[in-house]
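J.: Input: one structure, supplied below.
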Amino acid sequence: MLLLSIDTSTAACSVALHKDDALAGCYELFTERTSAAMLTTLIHDVLHQAGHELNELDAIAVAKGPGSYTGLRISVSTAKGLCFALDKPLIAINTLAAMAEQIRACFPAGYKLCPMIDARRMEVYCALYDTTGHEIQPTSAQIIDDTSFQDWLAQGPVVFFGDGAGKCKPLIDKHANAIFPEMNVIPSARTIGKLATAAFLDGQFENMVSFEPFYLKDFMTTQPRKAVL
1 MLLLSIDTST AACSVALHKD DALAGCYELF TERTSAAMLT TLIHDVLHQA GHELNELDAI
61 AVAKGPGSYT GLRISVSTAK GLCFALDKPL IAINTLAAMA EQIRACFPAG YKLCPMIDAR
121 RMEVYCALYD TTGHEIQPTS AQIIDDTSFQ DWLAQGPVVF FGDGAGKCKP LIDKHANAIF
181 PEMNVIPSAR TIGKLATAAF LDGQFENMVS FEPFYLKDFM TTQPRKAVL
């Protein structure tokens with residue numbers, strides 16, 4: 001199986017190629033602006049360096065969000081265009097789930113993982129996972145204050161990470177169960193591809209006509225809500 005993965009859900013632009021569940025190549029570009037031209041170049045380069053062609057792909061995976069509206073629009077339109085042109089299935093992976101996948105092996109059972117993507121002001125996109133990758137609390141947009149996540153923190157350690165964690169740290173860092181690891185966890189096609197490989201084997205494909213990015217528009221167009229996690 002040959003799987004191409006794309007992630008432009010944040011400022012980072014990345015493309016990865018997985019072959020039979022092993023990473024065959026990955027290109028990551030960190031820039032303030034992601035463009036379709038940049039993404040197309042990375043796709044060409046990762047395939048070329050790995051010695052493969054587009055028509056050899058079995059499926060294409062994309063980070064569906066949450067994240068940057070523009071970034072998601074670019075990656076999803078690119079992925080869908082390739083799928084239509086090549087007649088290949090599309091797999092969509094939650095950006096936050098892929099972030100949790102990056103670090104879940106670093107923490108023991110009983111810890112909860114809270115990946116965060118910076119949204120606006122004191123708002124973040126976040127979700128909660130256990131160290132097996134199971135989703136405990138679904139993705140939402142939350143306004144952070146000093147009462148956020150108190151119910152979960154009272155139950156045990158919670159690891160906060162991602163570019164949205166910095167705005168939370170001054171407010172909840174004093175809690176004994178709040179953990180802010182010194183590691184820079186950025187959404188990457190590497191873990192999008194890892195999760196997409198399992199999704200491919202399970203036949204979890206998207207409807208090419210109706211699929212849209214996970215923008216969380218209902219939170220962006222109404223009054224922000226206070227965190228209830």
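Sequential numbering from 1 applies to the sequence shown in the numbering used here.
The beta-carbon is built from N, C-alpha and C at its ideal position, and this holds for glycine as well.
Nothing here was measured: the structure is a model prediction, and the numbers come from that model.
(1) Between GLN204, ILE60, GLN102, which has its C-alpha nearest LEU3's C-alpha?
(2) Excluding sequence positions up to five away, which residues of its chain have a Cβ less than 8 Å from the Cβ of GLN204?
(3) Please report the Cβ distance between LEU42 and VAL15, rounded to the nearest whole angstrom; I am assuming they are in contact, meaning their Cβ atoms lie under 8 Å.
(4) Report yes if the CB atom of MET122 is closer than 8 Å to the CB atom of LYS167, and no otherwise.
(5) What residue range is occupied by the uninterrupted alpha helix (DSSP H) comprising LEU39?
(6) So, with DSSP's three-state summary, where would you put MET76?
(7) Should SER68 be labelled buried (16 or more other beta-carbon atoms within 10 Å of its own) or exposed?
(8) Let me know the secondary structure DSSP gives THR70 once reduced to three states.
(9) Opposite ALA22 in the DSSP bridges: which residues?
(10) DSSP three-state label for ALA100, please.
(11) Exposed or buried, which one is PRO138 when buried takes at least 16 other CB atoms within 10 Å?
(12) Please say whether ALA85 and SER75 have beta carbons closer to each other than 8 Å?
(13) Skipping 5 residues on each side, what residues in its chain have a beta carbon closer than 6 Å to that of LYS226?
(14) Roughly how far, in whole angstroms, is the beta-carbon of THR191 from the beta-carbon of ALA127, given that I think they are within contact range, below 8 Å?
(15) Closest to LEU201 by C-alpha separation, out of PRO157, MET183, ASP21, would be which residue?
(16) Please classify ASP7 as buried or exposed, where buried requires at least 16 other C-beta atoms within 10 Å of its C-beta.
(17) Would you report the Cα separation of CYS83 and PHE107, rounded to the nearest angstrom?
(18) Taking DSSP as the reference, what is the three-state secondary structure of GLU182?
T.: On the basis of the supplied data:
(1) ILE60
(2) ILE91
(3) 4 Å
(4) yes
(5) 36 to 50
(6) It should be pointed out that residue 76 corresponds to Val in this sequence rather than to Met. Here VAL76 sits in helix by DSSP.
(7) buried
(8) helix
(9) LYS19
(10) helix
(11) exposed
(12) no
(13) Confidence at LYS226 is low in this model, with a pLDDT of 48, below 50, so its placement is unreliable and the value that follows should be read with caution. ILE143.
(14) With a Cβ gap of about 14 Å, THR191 and ALA127 do not count as contacting.
(15) ASP21
(16) buried
(17) 37 Å
(18) coil
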